[in-house]
Amino acid sequence: MNFKPYSLAFATALLLLLSPHAHAAFTFDFVQDDPFDGGESGKGLVGASVIGTDLDTGIDVTLETIEIIGQNGSLASSGDPDTDHKTNVQANVNSLGINDDTNPGGYSNESRDFNPGEAWVISFDVDVNLVEIDLAGQDDGALLTISSTAFSDVVLGNGESGDVHNLGELFVTAGTTITLQMSADSNVMDPDTGLRVDSLTVGTIPEPSSFLLAGCAVLFAFGRGNRLQVVGK
């Protein structure tokens, strides 16, 4: 059987494209009145979640708040009435920040932004790749650290308002927690330096079985085409 080199290369390329790391993307936008908006009664709490559907893969992905950490490290889940921290989305900015219940740092922008020490702990219910994060209001000196047991810490700093940071498609398994924390504020001229999360884009990953079926289909079509070439000679 005479397999033409370009045909083999084409089939190989298709199989590579269908590898288990292939994914599409879904963007979580944070807007007023969504479940993470603590300005609304019963929202912005631990356990708040939003579900989206990746139209390319048909996979549903849920983003959930696992914990909200205050400026002094206190936890919203503790049950203490003085640590009733929430996530918040203000109407005029449509981006997410942390509202520390007591604001020990005395920040004037506290209810709207992430301030030093404040953190949002999240997880996804399916395996994902972290693709990019769009930050708003990130002034000079405001650092956001993204940490997880799934990867080494990523520190985002010296950004500008609306800055989009590429996260390099960091792989995170379902249920693994991810912490987004304002880790420092080095701008001594403006102690109210803060930042917000405008959106977070993740890639969903189809089940391996779908890749096997697709791969078999490609190889079958490739082999059938070459058999037809031989018969026609």
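In terms of mature numbering (1 follows the signal peptide of the UniProt record, and there is no 0), the sequence shown is residues -24 to -1, 1 to 209.
We put the beta carbon where it would ideally sit given N, CA and C, even for glycine.
All values reported here derive from a predicted model rather than from experimental measurement.
- Counting only the Cα atoms, G34 lies some 14 Å from V104.
- For the set D9, D32 and G15, the Cα lying nearest the Cα of V26 is the one of D9.
- Residue ranges of uninterrupted beta strand (DSSP E) with 3 or more members, entirely inside the region 25 to 60 and ordered along the chain, are 25 to 30 and 35 to 45.
- Scanning its chain for C-beta atoms nearer than 6 Å, with the 5 sequence neighbours on each side dropped, one finds around I154 the residues I98 and S124, in chain order.
- The Cβ atoms of H141 and E108 lie closer than 8 Å to each other.
- When only Cα atoms are considered, A95 and D32 end up about 32 Å apart.
- Burial state of A150 is exposed, judged by a 10 Å Cβ sphere holding fewer than 16 other Cβ atoms.
- Around the Cβ of S17, a 10 Å sphere holds fewer than 16 other Cβ atoms; the residue is exposed.
- In this structure, the CA atom of D36 is about 27 Å from the CA atom of G15.
- Here the alpha carbon of Q114 sits roughly 30 Å from the alpha carbon of D56.
- F2 has its alpha-carbon roughly 30 Å from the corresponding atom of Q47.
- Within the model, the alpha-carbon separation for G179 versus T29 is close to 11 Å.
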